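Numbering (the working numbering), first residue to last: 253 to 594.
For reference, the structure discussed in these notes is given below.
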Amino acid sequence: MSAAIEPRKPTTGEPLVVAHDLARTFDVSPPWLNRVLERKPRVLLHAVDGVSFSIERGKTLALVGESGCGKSTVARLLVGLYAPTRGGLQFDGQDAHAAFKTPEGRKLRRRIQMIFQDPYASLNPRWIVEDIIGEPLREHGILSGKAELRERVGELLKSVGLSPLDMSKYPHQFSGGQRQRISIARALATQPEFLVCDEPTSALDVSVQAQVLNIMKDLQREQGLTYLFISHNLAVVRHVADQVGVMYLGRLVEVADKQKLFADPQHPYTRMLLDAIPQMKHTGRRRTAVQGEVPNPLNPPTGCTFHPRCPHANARCSAERPQLLSLKGVQVACHAVEEGRI
Ligand SMILES: Nc1ncnc2c1ncn2[C@@H]1O[C@H](COP(=O)(O)OP(=O)(O)OP(=O)(O)O)[C@@H](O)[C@H]1O
Ligand code: SF4
Ligand SMILES: [Mg+2]
253 MSAAIEPRKP TTGEPLVVAH DLARTFDVSP PWLNRVLERK PRVLLHAVDG VSFSIERGKT
313 LALVGESGCG KSTVARLLVG LYAPTRGGLQ FDGQDAHAAF KTPEGRKLRR RIQMIFQDPY
373 ASLNPRWIVE DIIGEPLREH GILSGKAELR ERVGELLKSV GLSPLDMSKY PHQFSGGQRQ
433 RISIARALAT QPEFLVCDEP TSALDVSVQA QVLNIMKDLQ REQGLTYLFI SHNLAVVRHV
493 ADQVGVMYLG RLVEVADKQK LFADPQHPYT RMLLDAIPQM KHTGRRRTAV QGEVPNPLNP
553 PTGCTFHPRC PHANARCSAE RPQLLSLKGV QVACHAVEEG RI
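Next up, the structure:
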């Protein structure tokens, strides 16, 4: 192994990743002139509105929720592609967003990598695999000699079940699953500790999804990787997660250990998501079909934003926003759970 590749830190028991009250607002106002002429106010969209969680080293937190609930925005906040509007991120004890702005930030970016949904869009079609995977090694000054670089690219390809001979090919010469393996190899090039995976298998056929997920699990075990894993597919989440965070309109409504969440979901929204999976083993509760639409995030409902869709909503629910509280061994934001009504 090259001298530039450092050994990983031992496990300390402290969470590697701690997000505290993370929020991100987007200004989606009409253009300035229209605003002035039509007397329209500025419009802010709260894509992520106060999300807190922690992930222990070597573990996987999965984020689930319907389209538009803010999962990708959380991912982008975690890797520094977005700055938070409020709150922050501690990575291995340091303020990540402060560090991203300093020269030290480069070192941190090496340790946090992201895998995207569409492996074709994230790989440069005009580059051969050797250059695609080698780029982060060169960019971070980890390896520069051609022979050394090729050897490491070969190792990385092998680690994701591809052949070192594949390094002279172009992305279009691979299947979707193989392309996603190339993205994973590229993400692993800098020996990161934390991988943020945004729907990494959603674009793949079901049979290929399982292969890629198994590779990711093997790599996690071998290299002690920590994952934030985003998926709207609860079957996938069940396969990979240690903990699950359920998001609704920019907020976490339930965070629980995977077994607990699937066996005994607390929040009415979590129950609704689980009830929508036909093959999910049933716990004896009465099923509630997924009802209603996700509200417009520009005009979210008052109080608990889930109240227009919730079978347990009452007057308190439409007036008062529930906080994420530790109840019944999980974290849940629901008045009915707090009051023991459900
Ligand atoms: N750059 C942006 N500018 C304006 N609005 C944005 C931007 N990025 C996201 N949004 C809005 O923020 C909200 C959350 O979007 P996000 O992409 O994080 O959701 P998501 O949970 O990843 O959805 P999906 O499952 O469809 O990928 C949505 O209402 C989206 O329209
Ligand atoms: S707070 Fe009220 S509306 Fe919201 S999920 Fe709980 S019961 Fe339903
Ligand atoms: Mg997304």
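Every residue gets a Cβ at the ideal spot worked out from N, C-alpha and C, and that includes glycine.
Quick caveat, the model's predicted, so the values are computed rather than measured.
Smallest Cα separation from residue i: which of the options?
i, options, result
"Trp-379", "Gly-393, Glu-591, Gln-369 and Arg-438", "Arg-438"
"Cys-556", "Val-546, Leu-401 and Arg-573", "Arg-573"
"His-313", "Val-507, Gly-581 and Asp-527", "Before going on, a small fix: residue 313 reads as Leu here, not His. The shortest C-alpha separation from Leu-313 is found at Val-507."
"Glu-400", "Lys-510, Ala-588 and Ala-441", "Ala-441"
"Tyr-422", "Ser-435, Val-460 and Val-381", "Val-381"
"Gly-502", "Ser-281, Arg-433, Gly-302 and Leu-513", "Gly-302"
"Phe-514", "Leu-526, Val-280 and Tyr-521", "Leu-526"
"Ser-306", "Leu-333, Gly-581 and His-272", "His-272"
"Lys-323", "Val-498, Pro-371 and Gly-340", "Val-498"
"Ala-571", "Gln-543, Pro-553, Gln-511 and Leu-577", "Pro-553"
"Phe-558", "Thr-325, Ala-588, Ile-529 and Asp-516", "Ala-588"
"Asp-509", "Leu-329, Ser-454, Arg-568 and Lys-311", "Lys-311"
"Leu-330", "Ser-319, Pro-371 and Ala-351", "Ala-351"
"Gly-428", "Pro-563, Glu-445 and Ser-459", "Ser-459"
Report the rounded CA-to-CA distance for residue i versus residue j, giving the unit in angstroms.
i, j, result
"Gln-425", "Val-300", "38 Å"
"Pro-355", "Ala-565", "50 Å"
"Met-253", "Glu-403", "With a pLDDT of only 40 at Met-253, under the threshold of 50, the placement of this residue in the model should not be trusted, and no figure is reported."
"Val-270", "Ala-327", "13 Å"
"Lys-359", "Cys-586", "40 Å"
"His-349", "Val-412", "31 Å"
"Ile-384", "Arg-431", "11 Å"
"Leu-477", "Met-468", "9 Å"
"Phe-278", "His-392", "31 Å"
"Gly-592", "Pro-560", "20 Å"
"Asn-286", "Pro-293", "10 Å"
"Val-492", "Gln-369", "16 Å"
"Gly-345", "Glu-266", "9 Å"
"Gly-386", "Leu-417", "14 Å"
"Ile-367", "His-519", "29 Å"
"Pro-452", "Ser-483", "8 Å"
"Arg-309", "Gln-472", "10 Å"
"Leu-268", "Asp-347", "12 Å"
"Arg-338", "Glu-290", "30 Å"
"Glu-474", "Phe-343", "21 Å"
"Leu-579", "Gly-340", "25 Å"
"Leu-447", "Pro-547", "31 Å"
How should residue i be labelled, buried or exposed, when 16 other C-beta atoms within 10 angstroms of its C-beta is the threshold for buried?
i, result
"Asp-470", "exposed"
"Ala-275", "buried"
"Asp-450", "buried"
"Ala-487", "exposed"
"Gln-583", "buried"
"Ile-436", "buried"
"Lys-398", "exposed"
"Arg-362", "buried"
"Ala-255", "Model confidence at Ala-255 stands at a pLDDT of 39, short of 50, so the residue's coordinates are unreliable; what they give is reported in the following sentence. By the 10 Å Cβ count, Ala-255 comes out exposed."
"Gly-581", "exposed"
"Glu-545", "exposed"
"Pro-530", "exposed"
Which residue or residues does DSSP assign as beta-bridge partners of residue i?
i, result
"Glu-382", "Note: Glu-382 sits in no beta bridge, so no partner."
"Leu-579", "Val-582"
"Asp-418", "Paired residue(s): none; Asp-418 is not in a bridge."
"Pro-267", "Glu-308"
"His-298", "Thr-277"
*In chain order, which alpha helix (DSSP H) runs of at least 4 residues are fully inside the stretch 305-393?*
323-330, 348-352, 357-363 and 381-391
*beta strand (DSSP E) runs contained entirely in the stretch 467-497, provided each spans 3 or more residues*: 478-482
*Please specify which runs of the beta strand (DSSP E), each continuous and at least 3 residues long, are wholly inside the stretch 427-468, giving them in chain order.*
446-450
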